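*Asks:* Mind having a look at this structure? Questions to follow.
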Amino acid sequence: MRLKIRQKLLILFLSLTTLSTATVFILGYIVSSRALAGKVEEELRLSLKRSSEDVNNFLQDQKDEVRAVAELPLLRDIFSSLKNGTYGDFERNRKLIEHFFLQYQKNRKAVQAIRVVDTKGQVLVKVKELKIMDKTRAHPELPVISVGSLFEKHFFAEMMGLKKGEVWMSSFELGIDNNQFCPPMIRIAAPIYLDNVLSGILLINIWGQRIGEIVNNTIGKNYGYSFLAEKNLLDPERHGIYLYHPDAGICFLNQTGMGSNFFKDYPETVKLMNKDEGAVHNLSSSKDLIALVYYSPYASQERGWLMATVADRDKVLAPVIQQKKVMLAVGLITIIAAAVSAVLLSKTLTKPISLLSGGAKEIGSGNLDYRIDVSSGDEIGDLARGFNSMS
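Numbering (the working numbering), first residue to last: 1274 to 1664.
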């Protein structure tokens, strides 16, 4: 079947317009969708980065304050009186510092307990949860009574290695009181030096609640949840434990014997755990995204914290999905408009040719008076007028 010129032009115009329009649309669709999805993922990374900075600022403030309190002259007076054997002065100074710490704790909601410890591990002063603790333990070497001993604690030797001006921070862990677990906390210690000799340690317990609040506020509850886990290549028992999670029951597996491990729950993230600037990964086990950033309050690549956000992919990428729908609608309308334009254009171009063809047939059949209706002023119109003048 022979195609008429109008049909040929229509096919040509439809092919050109729809192909070019579809190509531009598809490229724009892909580029803009990727750009918007990348922006959403970048926002997840930045949110985690901001939260890690907030946690760092909180801990740094606590460290700075513990360091400053350790420089109080009254603390040096306690150890000076012990060194000089003036035990009456020691008791007076001890009462003064106990009442100072009591008032101090009233204004510091983050503080759980404050201890002053000597180099033998004896707790000389302890204020815990707005209460001055009783002294019931005889000092092994001095004629004074202490609150208790930290000598057997695993962290005591670490504190004894502190140099002047340094600060030590413990692991984030559950407190233990009378063989029962307490809410999670962090211990921060600073040395007390007398005549350039280490005389004791100021040890302050900080509630972990504020850290949990910062992590929890990383993402809106409608979009997902955030949590804190530990990376610890030095202690396998702590590697991967949850430090904060909306489901508190899975935290501190190493202490409670119950709970879960981050790297077992999300094995795909092992390769991402060193990303200081954050990384975003599509979880294969669900439709969720997981964003992860590494932060170490211990200034170590072997031991630190992993702050993570698990986000509902459909919700956080809702703007991308909506944009795709809009672009599909716009693209479809554009293609339809291009097709209609092609039909109209082909009709406009082929109508004069059809008239010329019809006129030729009329004249060929003997109708020499036939005239072509000329309405266009282009070359085809000139051709039609020339045709009329010859007939």
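We treat Cβ as the ideally placed atom computed from N, Cα and C, and that holds for glycine. Just so you know, these numbers come straight off a predicted model, no measurement behind them.
Per DSSP, which residues does ALA1386 bridge with? Please list them.
*Replies:* Paired residues: LYS1401, ASN1478.
*Asks:* Only counting runs of 4 or more residues, tell me where the alpha helix (DSSP H) segments fall wholly within the region 1411-1446, in order along the chain.
*Replies:* You should have 1429-1433.
*Asks:* Taking the alpha-carbon of PRO1312 as reference, which of ALA1552, TYR1466, VAL1543, PRO1456 has the nearest alpha-carbon?
*Replies:* One detail in the question is off: residue 1312 reads as Lys in this sequence, not Pro. When only C-alpha atoms are compared, the closest one is ALA1552.
*Asks:* Just to confirm my understanding: we take TRP1367, look at its own chain, exclude 5 residues before and 5 after, and list those with CB closer than 7 Å. What are they?
*Replies:* Residue identity check: residue 1367 is Arg in the sequence provided, not Trp. Hits under 7 Å: ILE1351, LEU1397, VAL1398.
*Asks:* Just to confirm my understanding: we take GLY1737, look at its own chain, exclude 5 residues before and 5 after, and list those with CB closer than 8 Å. What are they?
*Replies:* Since the first residue shown for the chain is 1274 and the last is 1664, residue 1737 is missing from the structure and cannot be characterised.
*Asks:* Run the CB neighbour count on SER1419, radius 10 Å, all protein chains shown included, and call it buried at 16 or more, exposed below.
*Replies:* That one is buried.
*Asks:* Beta-carbon within less than 8 Å of LYS1356's beta-carbon, same chain only, minus the 5 sequence neighbours each way: which residues are those?
*Replies:* Hits under 8 Å: LEU1467, SER1472.
*Asks:* What are the partner residues of ASP1539, as DSSP defines its beta bridges?
*Replies:* The displayed chain sequence assigns Tyr, not Asp, to residue 1539. Per DSSP, none; premise fails for TYR1539.
*Asks:* I want to know whether the region 1487-1506 touches the region 1403-1411 - three or more CB-CB distances under 8 Å.
*Replies:* Flag = no, the region 1487-1506 and the region 1403-1411 do not touch.
*Asks:* What's the C-alpha gap between ASP1362 and LEU1369?
*Replies:* Near 11 Å, if we compare the C-alpha coordinates of LEU1369 and ASP1362.
*Asks:* Use the C-beta contact count for THR1491: other C-beta atoms within 10 angstroms, 16 or more gives buried, fewer gives exposed.
*Replies:* Result: buried.
*Asks:* In terms of residues, what are the limits of the alpha helix (DSSP H) holding LEU1526?
*Replies:* Unbroken alpha helix (DSSP H) run through LEU1526: 1526-1529.
*Asks:* Which residue marks the beginning of the alpha helix (DSSP H) containing SER1354, and which one marks its end?
*Replies:* Counting along the chain, the alpha helix (DSSP H) containing SER1354 begins and ends at 1346-1357.
*Asks:* Would the region 1420-1427 and the region 1380-1399 be scored as touching if the rule is three or more Cβ pairs under 8 Å?
*Replies:* Touching, yes, given that three or more Cβ pairs across the two stretches are closer than 8 Å.
*Asks:* State the beta-bridge partners of VAL1553 as determined by DSSP.
*Replies:* Answer by DSSP bridge pairing, in chain order: ALA1564.
*Asks:* For LEU1317 versus ALA1584, is the C-beta spacing smaller than 8 Å?
*Replies:* Closer than 8 Å, so yes.
*Asks:* Along the alpha helix (DSSP H) that carries ASN1366, what are the first and last residues, could you check?
*Replies:* Counting along the chain, the alpha helix (DSSP H) containing ASN1366 begins and ends at 1360-1379.
*Asks:* Using only the alpha-carbon positions, how far apart do VAL1440 and GLU1486 sit?
*Replies:* One C-alpha to the other measures close to 24 Å.
*Asks:* Considering only their Cβ atoms, is the gap separating LEU1347 from THR1582 smaller than 8 Å?
*Replies:* No. Outside cutoff.
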